[in-house]
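Structure first, then comments.
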Amino acid sequence: MSILPKQAAVIVAAITAGFATITQAEEPPCPFDESRSGLCGHYHSQISPAEAFLNAVVKRGNWSRPSERPVILDVRSISEYKAGHPEGAYNAPYPFIYDACNAENPARHPDGACVSRGERIAQDDAAFVEYVQRTIPDKNRPVYVLCRTGVRSVGASNLLTDAGYTEVRNIWEGFVGIHLTAPKIVDFDEDGNPIRENLIVDLNHDGQIDDRDKNGWRYHYGLPYETRLLPRLIYQDMAHLYAWD
Numbered sequence: 034m035s036i037l038p039k040q041a042a043v044i045v046a047a048i049t050a051g052f053a054t055i056t057q058a059e060e061p062p063c064p065f066d067e068s069r070s071g072l073c074g075h076y077h078s079q080i081s082p083a084e085a086f087l088n089a090v091v092k093r094g095n096w097s098r099p100s101e102r103p104v105i106l107d108v109r110s111i112s113e114y115k116a117g118h119p120e121g122a123y124n125a126p127y128p129f130i131y132d133a134c135n136a137e138n139p140a141r142h143p144d145g146a147c148v149s150r151g152e153r154i155a156q157d158d159a160a161f162v163e164y165v166q167r168t169i170p171d172k173n174r175p176v177y178v179l180c181r182t183g184v185r186s187v188g189a190s191n192l193l194t195d196a197g198y199t200e201v202r203n204i205w206e207g208f209v210g211i212h213l214t215a216p217k218i219v220d221f222d223e224d225g226n227p228i229r230e231n232l233i234v235d236l237n238h239d240g241q242i243d244d245r246d247k248n249g250w251r252y253h254y255g256l257p258y259e260t261r262l263l264p265r266l267i268y269q270d271m272a273h274l275y276a277w278d
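Quick note on this note's numbering: the sequence shown kicks off at 34 and runs consecutively.
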């Protein structure tokens, strides 16, 4: 049986509309989008570095069952993890495993991140989830996800939630954090009304803006961290990369 061009166009349009309806119907609502990345968050909630440190480090011996004790999952790259991480934090890099700095400017920040980015070893979504499932098999255990500024951790938290983890919380400010801004009067208009601009805040009042004014775990919060590399905590699937500069 042949189909005339006009009839075929009607059928194609109907099928296309049907797929569009299905896609719209299957698109899950966004529980919240108040993350720094602008991505929709499907995980449990946000958590501050201070509360994460209190629950996962300070209170680690106070939980009646080991499965109740929260664990910190550091998804920063291997070089960042080497430069400092919360005590007891597992390293499971996402969305990249290693960041090689630009050959023309190979310097790194004190936290291990490249000043000028070069080539990266990417992390596969499925491989990341599979590794976490091997490392933290109890999907009801609280997992606090940490990255540098609270952006990479959003994607990682969503993946783990989609994989069935029920208590995933994103550490909002991250390990390093970002500069905070505040409205300041910089001038007045012709009617005498103040003109305000959002300017970076010198949090420690030392007269300069640098990493120490960022609001993350390491700097403004001033929480403890360590550089020890414990075999059970490092990313086992590429353990040899911890020997790289």
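Heads up, the beta-carbon is just placed ideally off N, CA and C, and yes, glycines get one too.
Here the structure is a predicted model, which is why all the values come from computation and not from measurement.
#1: What are the residues that DSSP puts in a beta bridge with ASP107?
#2: Can you give me the C-alpha to C-alpha distance between VAL178 and ILE228, rounded to a whole angstrom?
#3: Nearest-angstrom Cα distance between ILE267 and PHE161?
#4: Just confirm the distance between the C-beta atoms of ARG202 and PRO128, as a whole number of angstroms; I'd bet it's less than 8 Å.
#5: Along the chain, which unbroken stretches of the beta strand (DSSP E) at least 3 residues long are found entirely within the stretch 113-162?
#6: Let me know the secondary structure DSSP gives ASN88 once reduced to three states.
#7: Taking its Cβ as the centre, do 16 or more other Cβ atoms sit within 10 Å of GLN241, making it buried, or is it exposed?
#8: Distance check for TYR275 and THR194, CA to CA, integer angstroms please.
#9: The alpha helix (DSSP H) with SER190 in it runs from where to where?
By the coordinates alone:
#1: Answer is ASN124, LEU179, bridged to ASP107.
#2: A straight line joining the alpha-carbon of VAL178 with that of ILE228 spans about 40 Å.
#3: For ILE267 and PHE161, the distance between alpha carbons rounds to 13 Å.
#4: Under the criterion of beta carbons closer than 8 Å, ARG202 and PRO128 do not qualify as touching, at roughly 19 Å.
#5: The stretch 113-162 contains these whole beta strand (DSSP E) runs: 129-134, 150-155.
#6: The answer is helix: DSSP assigns ASN88 an H, G or I state.
#7: A residue is called buried once 16 or more other Cβ atoms fall within 10 Å of its Cβ, and GLN241, having fewer, is exposed.
#8: As the crow flies, the alpha-carbon of THR194 is around 28 Å from that of TYR275.
#9: First-last of the alpha helix (DSSP H) with SER190: 185-195.
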